[in-house]
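The structure appears below as structure tokens.
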Amino acid sequence: MATRSLWRTRAKVAVAATALCTGGAAATIATSDDPAAALKLCTAVPLRLLRDSATAASIVFDYQYSLWGLPEGSNERAKIKHEVHLRSARKLQELCFRNGGIYIKLGQHIGQLEYLIPQEYVLTMRESMLNKCPVSSYDQVCEVFKKELGETPDKVFDEFDPKPIASASLAQVHIARTHDGQKVAVKVQHTHMTDTAAADQATVEFLVNTLHRLFPSFDYRWLVSEIRESLPKELDFLIEAKNSVKCLENFRKLSPHIADYVYAPEVHWSLSTSKLLTMEFMDGAYVNDVISIQKLGIQPSDVARLVSQTFAEMMFKHGFVHCDPHAANLLVRPLPSGKRRIFGKKKPQLILLDHGLYKELDFSTRFSYASLWRALVFSDANGIKEHSVKLGAGEDLYVLFAGILTMRPWNRVIDRAVDHLVIKGTDSDRSELQMYASQYFPQISELLRRLPRVILLMLKTNDCLRAVNNSLLQGSSLETFLIIGRVSSEAVVEAKMTQMKSLFSWIDIWFEEFLFEARLLALQIAFWLLRVRNALT
């Protein structure tokens, strides 16, 4: 109910902000059907705008003043630039923590953009935004429990640790034990989220629209629409619980060959509401913690393969995709069955957490997206253009779209070399990509405006997965792209089979699949030969 109430008042937020900025706040509060909420909004929105403006001005001034007069390419400029990047990243980090809510989610996303923004920003955000977010007090937690379940945590559970084990932008997690002895994780929504979410949406909308008016090439108005659609769902934990159930059902029905290797915590429905989610407690290593993964007797490369296969199956076959797979939402543990690889290493099981943000791809979008990735893996320039255009990139920006998906320049995308999409993770790779991002910023903004919002979420998912792979493998892997090529090819064939109208259609599809299987086998052979050569040199 609280979530629905929040979004019924969404339209009033902008009015409240405007009223305050023009001296009409008192009238807005007086005429509101919820004066207390209107007062909070009228206070929060301008305060956030002031913080945003002050931080932006401070960062811009620091760059202009500190780098003034220093020659391009000089060692001194590089040293000073590193220091400014670090200071600015910390200012941005402080802004995200002070504003909270959506700003923390934006900070988390910045932490995944490894090849687009300076490393100082990526590392600062990644170290702090994933599981070190602001914490609600135990009294505030008790307030949520009383509203949702009518009792305090110590009455609802046999044991309840008042200190959270993790805190995120929307909620924090506590360990508890039920009266029948089961160890559980309890996700409790921050009490301030109702007011904060509305204020954040208003400030983001105001800033994006203002920047677009001042700089027409900066058009991120689609971000406002995405926040408007996705945030109410993320604030309803019952939707999250249902998403986790549907996710596992999809693996059992559509991807049974890896269903045992993917898991989500079991939900305790009687102890869950829209603001409280009680789940089975999961013990495992974070997916980016290579040392802990190795201590479990698991190879990081096996984890990277499993992550790639899991999300490829979701995107290309299920059409129901977990769109927030950053490292804090992915755990790894040994497969409970105890199965091992040939050389004794344990097989991994991937545990998916935080199922609040999912996107569904309709048949047409899923088919085009799978076809596009298949074309990318096989360096098929015509296929890349055809399916990029179908997804909305247009004939003028399909090259840029391919580059954003793969983080590779066009000449590498269509290169026939077996490792044409592999990112080595070197400083030169990173510098090249950051240069392209800066050079083509207006075109990138236009492309993001054109693409369907569901594809924008796929781009975010790709960013998260790329960061995970980089943590596990210190760069991307050819094997990752072989997995994407195989799963996308299978999905395309399955989709075509559902549309088959005659025996001749079946023969055409079978022959096409045979050709792609042959090409994939050739890539795999080349991959193994490459590994042997590298091992010998």
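Read left to right, the sequence shown gives residues -26 to -1, 1 to 511 (mature numbering (1 follows the signal peptide of the UniProt record, and there is no 0)).
Positions of the beta carbon are idealized from the N, C-alpha and C atoms, including for glycine.
Check whether residue i and residue j have beta carbons under 9 Å apart
i: V182; j: R202; result: no
i: V396; j: S451; result: yes
i: L66; j: V281; result: no
i: V130; j: L123; result: yes
i: V429; j: L374; result: Per the sequence presented here, residue 429 reads as Ile, with Val not at that position. No, they are not a contact pair.
i: L197; j: V261; result: no
i: S62; j: S110; result: no
i: A297; j: L431; result: At residue 297 the sequence reads Cys, which differs from the Ala that was named. Yes.
i: residue 536; j: V295; result: Residue coverage of the chain in this structure runs from -26 to 511, which leaves residue 536 outside it and unanswerable.
i: A171; j: G81; result: no
i: L69; j: T29; result: yes
i: G85; j: E208; result: no
i: T152; j: D135; result: no
i: T284; j: L326; result: yes
i: P322; j: Y235; result: yes
i: V241; j: L251; result: yes
i: R348; j: S463; result: yes
i: L60; j: E101; result: no
Beta-carbon separation (whole angstroms), residue i vs residue j, contact threshold 8 Å
i: L425; j: L365; result: 7 Å
i: A465; j: A344; result: 4 Å
i: P274; j: L456; result: That belief does not hold up - the Cβ atoms of P274 and L456 are roughly 17 Å apart, past 8 Å.
i: V162; j: V118; result: 5 Å
i: I358; j: L371; result: That pair is no contact at about 12 Å.
i: H292; j: S353; result: With a Cβ gap of about 27 Å, H292 and S353 do not count as contacting.
i: R382; j: E200; result: That pair is no contact at about 26 Å.
Residue i versus residue j - alpha carbon distance
i: L309; j: S266; result: 15 Å
i: K320; j: V160; result: 29 Å
i: K53; j: A441; result: 26 Å
i: P127; j: L212; result: 19 Å
i: A(-13); j: E179; result: Residue confidence for A(-13) is low, a pLDDT of 41 falling below 50, so the modelled location carries little weight; the figure read from the coordinates is stated next. If I take the Cα positions, the gap works out to 9 Å.
i: A31; j: Y237; result: 46 Å
i: C107; j: R390; result: 45 Å
i: S218; j: P239; result: 8 Å
i: S27; j: L433; result: 28 Å
i: E20; j: Y77; result: The displayed chain sequence assigns Pro, not Glu, to residue 20. Taking the straight line joining both Cα atoms gives about 15 Å.
i: V306; j: L44; result: 47 Å
i: D174; j: Q146; result: 19 Å
i: P230; j: H56; result: 48 Å
i: S246; j: E453; result: 40 Å
i: A367; j: N356; result: 14 Å
i: K216; j: N73; result: 30 Å
i: E360; j: E369; result: 9 Å
i: R(-17); j: L24; result: Unreliable positioning characterises R(-17) in this predicted model, as indicated by a pLDDT of 39, which lies under 50. A coordinate reading is not provided.
i: F341; j: L228; result: 16 Å
i: R22; j: V461; result: 45 Å
i: K120; j: A469; result: 49 Å
i: G377; j: V96; result: 20 Å
i: A278; j: N443; result: 6 Å
i: I388; j: L379; result: 13 Å
i: I91; j: P206; result: 29 Å
i: H166; j: P138; result: 17 Å
i: H164; j: A259; result: 26 Å
i: S6; j: A176; result: Note on S6: pLDDT 46, under 50, position unreliable in the model; no value is reported.
i: I232; j: F71; result: 39 Å
i: P190; j: Y332; result: 31 Å
i: S244; j: A150; result: 15 Å
i: Y112; j: E125; result: 14 Å
i: D36; j: I272; result: 45 Å
i: P299; j: R187; result: 34 Å
C-beta neighbour in chain C for residue i, strict 9 Å
i: L446; result: In the structure shown, chain C does not exist; there is a single protein chain.
Residue burial classification, residue i (beta-carbon count within 10 angstroms, cutoff 16)
i: F415; result: exposed
i: R386; result: buried
i: Y39; result: exposed
i: K249; result: buried
i: G47; result: exposed
i: K79; result: buried
i: V34; result: exposed
i: S143; result: buried
i: T184; result: exposed
i: E50; result: exposed
i: M103; result: buried
Closer than 8 Å: residue i CB and nearest the ligand MN heavy atom
i: L205; result: The ligand MN is not part of the structure shown, which contains no ligands of any sort.
task = Assess, as a yes-or-no matter, whether the stretch 274 to 290 is touched by the stretch 217 to 236 under the definition of 3 or more beta carbon pairs within less than 8 Å.
result = yes
key: Contact between the stretch 144 to 158 and the stretch 242 to 258 (3+ Cβ pairs under 8 Å)   = yes
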